[in-house]
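**Student:** Supplied in structure tokens, the structure appears directly below.
In structure tokens:
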């Protein structure tokens, strides 16, 4: 029994280690030319632990694939700068797509959902290194961007990222307003219910029940 437990533990450790772990030092090299599906996690996270076996299985199936890469980033260790750069606020966070411009994954977290998504999406995507699969509009857009200086691109990226931040801030502000309104409505409702009870509703019901019982006794 002890031997079997040891073997299982070693197998689990091997499976976990098989998932490519990304850090700022290896990110560019490991993701170059790839379409990626990345799990940003924390070792203490319960949901992360729950999905770990499915993620390990999926990563193993895509191991060595020419285009697709299933990887993970430990946000509590060397990978933390990648988590910060990608706006990771909760665990696990899944992102996919172009390694330089990841999109949020919003699908299911079970193996079947993850595997189907990977099959459907981990394909070559239009980019400066894959111009042959771009349509004419995208090719033109890439050519125009390639003509810009690094400084101009930095400025344009910063401007667009400000819009993303503004959208997040607006969303949070509106949610706070809704939460405040909800609290106000709850307090208003409770006050109305208390007023109705204080007006004698309970006593009316009690008297009605007593009269009904008295009438029944008379019969």
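In mature numbering (1 follows the signal peptide of the UniProt record, and there is no 0), the protein residues as written are -17 to -1, 1 to 202.
Cβ coordinates follow ideal geometry from the N, Cα and C atoms, glycine included.
(1) Helix, strand or coil for residue 79 per DSSP?
(2) Below 8 Å on the Cβ atoms is my contact criterion, and I expect residue 34 with residue 3 to pass it. Report the Cβ-Cβ distance as a whole number of Å.
(3) Name the DSSP bridge partner or partners of residue 18?
(4) Is residue 23 a contact residue of the ligand GDP, with contact defined as CB to any heavy atom under 6 Å?
(5) Tell me which same chain residues have a C-beta within less than 7 Å of the C-beta of residue 7, skipping the five on either side of it?
(6) Span of the alpha helix (DSSP H) holding residue 42?
(7) Inspect the beta-carbon positions of residue 38 and residue 22 and report whether they are closer than 7 Å.
(8) Assign residue 198 to one of two classes, buried (16 or more other C-beta atoms within 10 Å of its C-beta) or exposed (fewer than that).
(9) If you count every other CB in all the chains shown that lies within 10 Å of the CB of residue 130, and 16 or more means buried, which is it?
(10) Exposed or buried, which one is residue 88 when buried takes at least 16 other CB atoms within 10 Å?
(11) Determine the extent of the alpha helix (DSSP H) in which residue 136 is found, giving its start and end residues.
(12) So what's residue 100 in DSSP terms, helix, strand or just coil?
**Tutor:** Looking at the coordinates:
(1) Note: residue 79 maps to strand in three-state DSSP.
(2) Contact annotation, residue 34 with residue 3: C-beta distance approximately 16 Å; criterion of less than 8 Å not satisfied.
(3) Under DSSP, residue 18 takes part in a beta bridge, and its partners are 51.
(4) What this structure holds is no ligand at all, so the ligand GDP is not there to describe.
(5) Around residue 7: 64, 65.
(6) Here the alpha helix (DSSP H) through residue 42 covers 29 to 44.
(7) Cβ atoms of residue 38 and residue 22: closer than 7 Å.
(8) With a threshold of 16 other beta carbon atoms within 10 Å, residue 198 falls short and is exposed.
(9) That one is exposed.
(10) When all chains shown are included, residue 88 counts as buried.
(11) It spans 133 to 179 - the alpha helix (DSSP H) in which residue 136 sits, taken as one unbroken run.
(12) The three-state secondary structure of residue 100, taken from DSSP, is helix.
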